[in-house]
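S.K.:
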Amino acid sequence: MENLVRTHHCGELRLANLNEKVTVIGWVAKRRNLGSLLFLDLRDRYGIVQILIKTDEIEVPEIRNEYLLQVEGVVNKKDVPNKQLETGDIEIVASKINVINTSENPPIVIADETDASEDIRLKYRYLDLRRPIMQKRFITRAKIVKAAHEYLDAHDFIEVETPILTLSTPEGARDYLVPSRVHKGSFYALPQSPQLFKQLLMVSGFERYYQIAKCFRDEDLRADRQPDFTQIDIETSFLSEDEILTLTEGMIQKIYKDVINYDVKLPLRRIPYDVAVDEYGSDKPDTRFDMKLKSLKEVLKNNEADLFKLNKYIKAIKAENIADVTSRKVQDEYNLTANKFNMRSFIFVKYVNNELEGSVVKLLSEEEKKGLIDTLELKNNDLAIIAVSNIKKNVDFGLGAMRSLLAKKFNLIKPDTYDILWVVNFPLFEKSEETGEITPCHHPFTRPVDEDLDKLETEPYKVYSYSYDIVMNGYEAGGGSLRIYDQDVQKRIFKVLGFTEEDIRRKFGFFVDALKYGTPPHGGLAFGLDRLTMILSGTDNIRDVIAFPKNLSAVCPMSQAPKPVDEAQLKDLGIAVIEKE
Ligand code: ASP
């Protein structure tokens, strides 16, 4: 058995260690053979150090990339420092080399920059995770969790675990189901969040709960979504909305300070949902760039053209200085966004040499032209993108999507800037895109604002809620609400949502029952830990911050999960798989 002594980590050696005799252990990241001199980059969790081997002077075993070596030697000052490495002022002149383990030639380049496809990286994730940039992301993640633990602990929160095998918790996605062997034909659901349990813990009198909680949602995947993900889940009793937001802001401030040494200025801005949608075309606005939506309704109120007369909503954004690079082809590309929001196309108007250009310009009077230029404050070479529809949502969200697209395409956002705000006061309900039916904006336990209670059955879409989302750089990083603590209101909400008495009993009977026993007023929220880590480690891919994630088809390329199981296992569960036609 080798002696696995080491005196230092590879990444920690500096000029201060000059002439010290050291032993390090690490993987071979790079080799350069100059005949009698062999240079290695040796990598461990703490960084990379250069090893110099004088091949005539010591015994040199066979060394290949990713071999794990123990190297003994003396720290030497490099003639020409390597600026790329933190240890770049020094190198270790090896006196003894011990191969702890050999390695096959790795299928991916193990360095910050790798050209491997994501599926290959995920297939060999254990090697991908050796890349220093990946390790940094997981250190960031761990620091966030640590800061959250410290903050919540200091504020009297108690960490409680809730079950993974449970009943459905409605957060608007499909459930992952787990068949019961003991009760054939019955299924557990994996929790979409600990929502019901954390509320029950308030009924139990815990007062301040938190949990780093795994959640499971079967929904279409995107760059910022995974089937299983993690929340910093929080619930409190007796606090007002304002108190909950203030308490949470303190945690955000600590996380940003501890993790990236960034000072978040408090209090955070609070933008009502309606204003966010009206001005930014989004319920998670990125306000690091302006490009606000402006209504042209007033300017065009006398225009007789059908286009403007027959559409209730006419709004526009201004994209600065891009008229000349917005060809027909580019406009067609932008119109794909209009199509997504059920509009045939946007209307493009260019402002060039003090003139408006575009097919609609002939429909405008001189006064209207001036109104448009003034409202949007157009300057030479600006482009106005106008959306018209009778459905407000289409105009707003369509232009909001264009806003984001243009910001990305033209790099309108300064890197390393943080934009953190609350969007508050969401409507209680919305129309489901898929079914057209009424669904909760958050979840069915969100408390309607007191003044709107009488509209619950008659004008449900006009009812607002005590709810809030935390938005960071245009991502919904978390959200929550005050909860209903009155069983009658809870039942009314379920009824508006179309649940029968029998449904309510079957799905939420235990929960409605619990509300009968002196339930305290309560509320909370949950942060997406993965999204928070994405933002603080500067990636826009959620898979970069989850150690063993699924790909966009919900498959783990490494383990190949999900997979068919043995016939015997299915039989045990009383399940038969029907072949697809
Ligand atoms: N359970 C909610 C969610 O996962 C968060 C909350 O309301 O506390 O979005």
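Under our numbering, the first residue of the sequence shown carries the number 180, and numbering increases by one thereafter. Even glycine gets a Cβ: it sits at the ideal position worked out from N, Cα and C.
(1) If you measure from the CB of G703, is any heavy atom of the ligand ASP nearer than 6 angstroms?
(2) Looking only at its own chain, which residues have a Cβ that is under 8 angstroms from the Cβ of M180, when we skip the five neighbours before and after it?
(3) Tell me whether Q374 sits in a helix, a strand or coil according to DSSP, three-state version.
(4) Can you name the start and end residues of the alpha helix (DSSP H) that H328 belongs to?
(5) When every heavy atom of the ligand ASP is checked, does at least one fall within less than 6 angstroms of the C-beta of Q249?
(6) From the DSSP output, which residues share a beta bridge with N280?
(7) Run the CB neighbour count on E638, radius 10 Å, all protein chains shown included, and call it buried at 16 or more, exposed below.
(8) Three-state secondary structure (DSSP) at A195?
(9) Measure the alpha-carbon distance for D598 versus D465 and round it to whole angstroms.
(10) Mark D307 as exposed unless 16 or more other C-beta atoms lie within 10 angstroms of its C-beta, in which case mark it buried.
(11) What span of residues does the beta strand (DSSP E) with S660 cover, start to end?
(12) Can you give me the Cβ contacts of A484 inside the same chain, cut-off strictly under 6 angstroms, excluding the 5 residues immediately before and after it?
(13) Which residue or residues does DSSP assign as beta-bridge partners of A498?
(14) Could you name the residues that DSSP lists as bridge partners for D412?
(15) Could you round the C-beta distance between G702 and R662 to whole angstroms and report it? I think they count as a contact, below 8 angstroms.
(16) Anyone know if the C-beta pair for K473 and A502 falls short of 7 angstroms?
(17) My understanding is that N255 touches V272, with C-beta atoms under 8 angstroms, so please give their C-beta distance in whole angstroms.
(18) Would you tell me roughly how many angstroms separate the C-alpha atoms of D442 and I714, rounded to the nearest one?
(19) Just verifying my parser: in three-state terms, what is the DSSP assignment at L213?
(20) CB of E386 to nearest heavy atom of the ligand ASP: below 6 angstroms?
(21) Please state if the CB of L400 and the CB of A368 are separated by a distance shorter than 7 angstroms.
(22) Compute the minimum distance between the beta carbon of E350 and the heavy atoms of the ligand ASP, and state whether it is under 6 angstroms.
(23) Mind checking whether the beta-carbon of Q510 lies closer than 6 angstroms to any heavy atom of the ligand ASP?
(24) By a C-beta neighbour count over all protein chains shown, 10 Å radius and 16 as the cutoff for buried, is N604 buried or exposed?
(25) Could you check which residue in F218, L708, H188 has the C-alpha nearest to that of G205?
(26) With a CB to CB cut of under 7 angstroms and the five nearest residues on each side skipped, what residues in its chain are close to G550?
(27) Count the other CB atoms, across all protein chains shown, that sit within 10 Å of the CB of A326; report buried if there are 16 or more and exposed otherwise.
(28) Can you determine whether any heavy atom of the ligand ASP sits closer than 6 angstroms to the C-beta of S372, and answer yes or no?
(29) For Q432, I'd like the list of residues in its chain whose CB is within less than 7 angstroms of its CB, leaving aside the five on either flank, ordered along the chain.
(30) Within the present structure, is the beta-carbon of G707 separated from the nearest heavy atom of the ligand PLP by less than 6 angstroms?
(31) DSSP three-state call for K471: helix, strand or coil?
(32) Start and end of the alpha helix (DSSP H) containing G793?
(33) For K695 and A352, I'd like the C-alpha separation in whole angstroms.
(34) Hey, how far is the Cα of K471 from the Cα of C620?
(35) Run through DSSP, which three-state label would K476 get?
M.R.: So, from the listed chains and residues:
(1) yes
(2) With a pLDDT of only 46 at M180, under 50, the local geometry of the prediction cannot be trusted, and the value read off the model is given with reservation. Excluding positions up to five away in sequence, the list is empty.
(3) Correct three-state label for Q374: helix.
(4) Note, H328: alpha helix (DSSP H), 311-333.
(5) no
(6) L247
(7) Classification of E638: exposed, given that the 10 Å Cβ count is below 16.
(8) Helix, per DSSP.
(9) 7 angstroms
(10) buried
(11) 654-661
(12) The beta carbon of A484 sits closer than 6 angstroms to the beta carbons of L542 from its chain, once the five residues preceding and following it are set aside; these are given in chain order.
(13) L562
(14) Q390, A705
(15) 6 angstroms
(16) no
(17) 5 angstroms
(18) Approximately 15 angstroms, taken between the alpha carbons.
(19) coil
(20) No, Cβ of E386 sits at least 6 angstroms from all heavy atoms of the ligand ASP.
(21) Taking 7 angstroms as the Cβ cut-off, A368 and L400 do not qualify as a contacting pair.
(22) yes
(23) no
(24) buried
(25) H188
(26) V478
(27) Flag for A326 reads buried.
(28) Yes, the Cβ of S372 comes within 6 angstroms of a heavy atom of the ligand ASP.
(29) V443, L445
(30) In the structure on display, the ligand PLP does not appear, and the ligands it does have are the ligand ASP.
(31) coil
(32) Residue 793 cannot be examined here, being either before or after the span of the chain that is shown, 180 to 760.
(33) 28 angstroms
(34) 24 angstroms
(35) coil
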